[in-house]
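First up is the structure itself, then whatever we jot down about it.
Numbering (mature numbering (1 follows the signal peptide of the UniProt record, and there is no 0)), first residue to last: -21 to -1, 1 to 515.
What follows is the structure, encoded as structure tokens:
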């Protein structure tokens, strides 16, 4: 389909949406999902439903989260504001963006749709549950008709808190199966309400937990994959050559599981920096690594099946032609690459995410773009596609309690996927956090009063490189000290990225790369505002 035809269709879509026939939105969030999917070219992953959605969507090949851990990533995406604006950098009860010191009280995506006449209903993991989100931001984001907010509940005691387990039970014995059931029921109820006169468009957000740890799902999904013995190990199991110590994560999340505790000398890994990075004692043994990788893939297929059920019901209720569908992962996940497990870093494997956008009548034949985009772009994109007023770009000192965004609508890419776009995608991560080394050799001890946010690593992904620099950070003012550098990284992406087998050599200290380092440092410190698309 030529770009001028798509422009006409987009114009028609937005025009109709602005009248009585506003488009619905089905909003899928998937926890810890890295873009290791068939639709992204990884053919051994069994993800037929996500692949089917991708075949009629814009697939963003290079989408990045703003911070690679659940709560702050979701807070950033859902408010359209970056972690330093929200003052949310980790999962913490005192880091709810509405109540932190100097809080912006930022409007969220579901809140904005609700305030513009939509029925807003959420379920599962959309915000990080509990105090970090004010308990799903229930006072602001959701329509009263959608309450109580649905989470589901499961009994996994038989797994004895192991990192993975294969159940011989129906899908709805697991929380994500229950969330899919609830989504089906909600769509049926909306259809019933429409026959009774409630013709409001809907914004339905469905958040799935898997493939987040623990890797628990039905055995039928494990059966989709080769045996443990035949599961492949990562091709780059060692840390990047020349990596600064501050960049490493001690993967504490994984170590909390019973089967991992049994094989890892936790004391050594947590207290000895050198051993944490280089010591064989802190590698997951090959067989256990294969178990974990196979279990992760199985949980991807489990969640894929739940997504398929919801999309099937959307079609069954006659909503498909009038519903925008977006699917995103809140961050990537490291499956033993670089001897790291989980998220909580600034590496490609932790920040690179799947992002699909289906717009009926526009993306039906499938589209792809290599443009650098960010999860923070979702807020302005959905509002534009729905025909709502797009919140303005936040100024550097935007007033509190207003809707503004720090991302760019991707709608122009739907008519021209090759358009000149952002110069870079920006992410960040604090140290020591709960996942970093407790001390950095050659650097002063971390100050406990700084609440695990003493140092901030900022990273920018450009067409050719990833550049990361770690600075002393003032959490009270949300500002880095560019003169106090704790580590510098430069990774070459000038060749086509090989998913999950790149960033293996830090080039930052190579003399021939000095000009590149200087240029990218200037870009990183100038920040995201200087890297926006030409249209912004």
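Ideal Cβ placement from N, Cα and C applies to all residues, glycine included.
Exercise. Give a yes or no on contact between the stretch 452 to 460 and the stretch 490 to 503, applying the rule of three or more CB pairs nearer than 8 Å.
Key: no
Practice problem: Using the Cα positions of residue 300 and residue 178, report the straight-line distance between them to the nearest angstrom. | Solution: Sequence index remark: in the chain shown, residue 300 carries index 321 (1-based). Sequence index remark: in the chain shown, residue 178 carries index 199 (1-based). Computed Cα separation, rounded: 16 Å.
Exercise. For residue 412, count neighbouring C-beta atoms within 10 Å of its own C-beta (all shown protein chains included) and say buried if the count is 16 or more, exposed if not.
Key: For this step, residue 412 is matched to residue 433 along the chain shown. Its Cβ being crowded by 16 or more others within 10 Å, residue 412 is buried.
Quiz item: Under three-state DSSP, which class holds residue -3?
Solution: Here residue -3 is taken as the residue at index 19 of the chain shown, counted from 1. Note on residue -3: pLDDT 36, under 50, position unreliable in the model; no value is reported.
Self-check item: Of the residues 55, 91 and 90, the one placed nearest residue 74, counting alpha carbons only
Solution: Reading the chain shown from its first residue, position 95 is the one you call residue 74. Answer by Cα proximity: 55.
Exercise. For the stretch 227 to 243 and the stretch 106 to 125, state whether three or more C-beta atom pairs, one from each stretch, are separated by less than 8 Å.
Key: no
Practice problem: Please confirm whether residue 90 and residue 62 have their CB atoms less than 8 Å apart. | Solution: Counted from its first residue, the chain shown places residue 90 at position 111. Counted from its first residue, the chain shown places residue 62 at position 83. No; because the gap between Cβ atoms is not below 8 Å, this pair is not in contact.
Self-check item: Residue from 263, 512, 104 and 188 with nearest C-alpha to residue 213
Solution: As a position in the chain shown, residue 213 is number 234, starting the count at 1. Of the listed residues, the one whose Cα sits closest to residue 213 is 263.
Quiz item: In whole angstroms, what is the alpha-carbon distance linking residue 121 and residue 115?
Solution: For the purposes of this step, residue 121 is taken as residue 142 along the chain shown, with counting starting at 1. For the purposes of this step, residue 115 is taken as residue 136 along the chain shown, with counting starting at 1. C-alpha separation (whole angstroms): 9 Å.
Quiz item: Measuring CB to CB, does residue 307 end up less than 8 Å from residue 8?
Solution: Your numbering for residue 307 matches position 328 in the chain shown. Your numbering for residue 8 matches position 29 in the chain shown. Cβ distance < 8 Å, so residue 307 and residue 8 count as in contact.
Self-check item: Element boundaries [alpha helix (DSSP H), containing residue 37]
Solution: As a working mapping, residue 37 is identified with position 58 in the chain shown. Note, residue 37: premise wrong, no alpha helix (DSSP H); beta strand (DSSP E) at 37 to 43.
Exercise. Buried or exposed for residue 384, please, with buried defined as at least 16 other CB atoms from any protein chain shown within 10 angstroms of its CB.
Key: Along the chain shown, read from residue 1 onward, the residue named residue 384 stands at position 405. It counts as buried.
Quiz item: Cα separation between residue 67 and residue 309?
Solution: Within the chain shown, the letter at position 88 stands for residue 67. Within the chain shown, the letter at position 330 stands for residue 309. Their Cα atoms are separated by approximately 15 Å.
Self-check item: Span separating the alpha-carbon of residue 165 from that of residue 101
Solution: Position 186 of the chain shown, counting from 1, holds the residue named residue 165. Position 122 of the chain shown, counting from 1, holds the residue named residue 101. Straight-line Cα distance between these residues: approximately 10 Å.
Exercise. Could you have a look at residue 20 and say whether DSSP puts it in helix, strand or coil?
Key: Walking along the chain shown from the start, residue 20 turns up at place 41. The answer is coil: DSSP assigns residue 20 none of H, G, I, E or B.
Quiz item: Per DSSP, residue 440 is paired with what?
Solution: Stepping through the chain shown from its first residue, residue 440 is reached at position 461. Note: residue 440 sits in a beta bridge opposite 404 and 445.
Quiz item: Are residue 363 and residue 388 closer than 8 Å when you measure CB to CB?
Solution: The count along the chain shown starts at 1 and reaches residue 363 at position 384. The count along the chain shown starts at 1 and reaches residue 388 at position 409. Yes, these two residues count as a Cβ contact at 8 Å.
Exercise. Have a look at residue 235 and residue 43 and give me their C-alpha separation to the nearest angstrom.
Key: Stepping through the chain shown from its first residue, residue 235 is reached at position 256. Stepping through the chain shown from its first residue, residue 43 is reached at position 64. Looking at the two C-alpha atoms, the distance is approximately 27 Å.
Quiz prompt | Straight-line gap, residue 556 to residue 280 (C-alpha atoms, nearest Å) | solution = Since the first residue shown for the chain is -21 and the last is 515, residue 556 is missing from the structure and cannot be characterised.
Self-check item: Selected residue, minimal CA-CA separation from residue 132, among 142, 150 and 501
Solution: Along the chain shown, one-based indexing puts residue 132 at 153. It is 150 whose Cα lies nearest to the Cα of residue 132.
Quiz item: Per the contact definition of three or more C-beta pairs closer than 8 Å, is the stretch 405 to 424 in contact with the stretch 222 to 236?
Solution: yes
Self-check item: Segment contact, 8 Å Cβ cut-off, at least three pairs: the stretch 81 to 97 with the stretch 392 to 400
Solution: no
Quiz item: Helix or strand or just coil, what does DSSP make of residue 196?
Solution: Here residue 196 is taken as the residue at index 217 of the chain shown, counted from 1. Residue 196: strand per DSSP, three-state reduction.
Self-check item: Rounded C-alpha distance that separates residue 317 from residue 294
Solution: Along the chain shown, one-based indexing puts residue 317 at 338. Along the chain shown, one-based indexing puts residue 294 at 315. Between residue 317 and residue 294, the C-alpha separation is close to 42 Å.
Quiz prompt | Ordered list of alpha helix (DSSP H) runs contained in the stretch 239 to 327, each at least 4 residues | solution = 245 to 250, 252 to 257 and 265 to 295
Practice problem: From the DSSP output, in three-state form, read off residue 377 for me. | Solution: Working through the chain shown from its first residue, we reach residue 377 at position 398. Residue 377: coil per DSSP, three-state reduction.
Exercise. Compute the Euclidean distance between the alpha carbons of residue 26 and residue 423, then round it to the nearest angstrom.
Key: Residue mapping note: residue 26 aligns to position 47 of the chain shown, counting from 1. Residue mapping note: residue 423 aligns to position 444 of the chain shown, counting from 1. Going by the C-alpha atoms only, they are around 47 Å apart.
Practice problem: Given a cut-off of 8 Å, decide if residue 468 and residue 485 are closer than it, judged by their beta-carbon atoms. | Solution: Your numbering for residue 485 matches position 506 in the chain shown. Your numbering for residue 468 matches position 489 in the chain shown. Cβ atoms of residue 485 and residue 468: closer than 8 Å.
Quiz item: Is residue 435 helix, strand or coil when you go by DSSP?
Solution: The sequence position of residue 435 within the chain shown is 456, counting from 1. It is a strand residue.
Practice problem: Taking residue 48 as the reference, give the member of 288, 153, 69 and 284 with the closest Cα. | Solution: Taking the first residue of the chain shown as 1, we reach residue 48 at position 69. Comparing Cα positions, the closest option is 69.
Quiz prompt | Where residue 15 falls, given that 16 or more other Cβ within 10 Å makes a residue buried | solution = Mapped onto the chain shown, residue 15 falls at position 36. Answer is buried; the Cβ neighbour count reaches 16.
Quiz item: How should residue 381 be labelled, buried or exposed, when 16 other C-beta atoms within 10 angstroms of its C-beta is the threshold for buried?
Solution: As a working mapping, residue 381 is identified with position 402 in the chain shown. Label assigned to residue 381: exposed.
Exercise. Apply the 10 Å Cβ neighbour rule to residue 118 and answer buried if 16 or more other Cβ atoms are within range, or exposed otherwise.
Key: Here the question's residue 118 lines up with position 139 in the chain shown. Flag for residue 118 reads exposed.
Self-check item: Inter-residue Cα distance where the pair is residue 270 and residue 207
Solution: Mapped onto the chain shown, residue 270 falls at position 291. Mapped onto the chain shown, residue 207 falls at position 228. So the two alpha carbons sit approximately 6 Å from each other.
Quiz item: Which stretch, first to last residue, makes up the beta strand (DSSP E) that contains residue 99?
Solution: Here residue 99 refers to the residue found at position 120 of the chain shown. Taken as a continuous stretch (DSSP letters only), the beta strand (DSSP E) holding residue 99 covers 98 to 103.
Quiz item: Hey, residue 443 and residue 473: beta-carbon distance below 8 Å or not?
Solution: By one-based count along the chain shown, residue 443 stands at place 464. By one-based count along the chain shown, residue 473 stands at place 494. Against a cut-off of 8 Å, the Cβ pair of residue 473 and residue 443 comes out as a contact.
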